[in-house]
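**Student:** In the numbering used here, the protein residues as written are 95 to 235. Even glycine gets a Cβ: it sits at the ideal position worked out from N, Cα and C.
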């Protein structure tokens with residue numbers, strides 16, 4: 095299954111050693127993120143560090159470890175879908191994730207708990223609970 099990982103999911107994995115972090119390290123899925131997300135995480139590293147209790151070096155190492163398991167897609171590869179994405183989702187911070195999912199085509203989902211994504215019906219949205227159920231059905235857990 096191909097899944098675009100929303101920023102909030104990635105940040106959740108950084109904040110604590112959780113089921114989200116475990117899922118992101120499983121080979122059961124192909125995870126994708128837009129390239130700008132890594133810069134966005136770096137901009138918020140102080141807040142992430144404060145909330146997680148980890149120092150900057152630990153956060154950067156964790157970001158590197160998690161993102162190594164993902165396919166990082168350059169803006170040039172999904173920019174042709176940005177206008178379509180803007181029509182589907184109101185939050186401009188979420189537009190790159192929607193555009194990336196649209197560019198990837200069929201059989202892709204966005205992993206997010208953000209209700210803004212659920213207002214559209216073009217791209218499938220999955221929750222952490224959905225992924226846990228999928229993994230249990232296939233005996234990953």
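Start and end of the alpha helix (DSSP H) containing residue 139?
**Tutor:** Here residue 139 corresponds to residue number 45 of the chain shown, with the count starting at 1. Here the alpha helix (DSSP H) through residue 139 covers 139-146.
**Student:** Buried or exposed, going by whether 16 or more other CB atoms sit within 10 Å of the CB of residue 184?
**Tutor:** As a first step, residue 184 is located in the chain shown; it is residue number 90 there, counting from the start. That one is exposed.
**Student:** Out of curiosity, what's the CA-to-CA distance linking residue 228 and residue 124?
**Tutor:** On the chain shown, residue 228 is found 134 positions in, with the first residue counted as 1. On the chain shown, residue 124 is found 30 positions in, with the first residue counted as 1. Approximately 14 Å between the Cα atoms of the pair.
**Student:** Across which residues does DSSP place residue 164 in a beta bridge pair?
**Tutor:** Translated into the one-based positions of the chain shown, residue 164 becomes position 70. Note: residue 164 sits in a beta bridge opposite 125.
**Student:** At which residues does the alpha helix (DSSP H) containing residue 189 begin and terminate?
**Tutor:** The residue labelled residue 189 in the question sits at position 95 within the chain shown. 189-198 is the extent of the alpha helix (DSSP H) around residue 189.
**Student:** Please report how far the alpha carbon of residue 151 lies from the alpha carbon of residue 96, in whole angstroms.
**Tutor:** For the purposes of this step, residue 151 is identified with residue 57 of the chain shown, where counting begins at 1. For the purposes of this step, residue 96 is identified with residue 2 of the chain shown, where counting begins at 1. Straight-line measurement puts the Cα of residue 96 at about 30 Å from the Cα of residue 151.
**Student:** What residue does the alpha helix (DSSP H) around residue 181 start on, and which one ends it?
**Tutor:** Within the chain shown, residue 181 is the residue found at index 87, counting from 1. Unbroken alpha helix (DSSP H) run through residue 181: 176-182.
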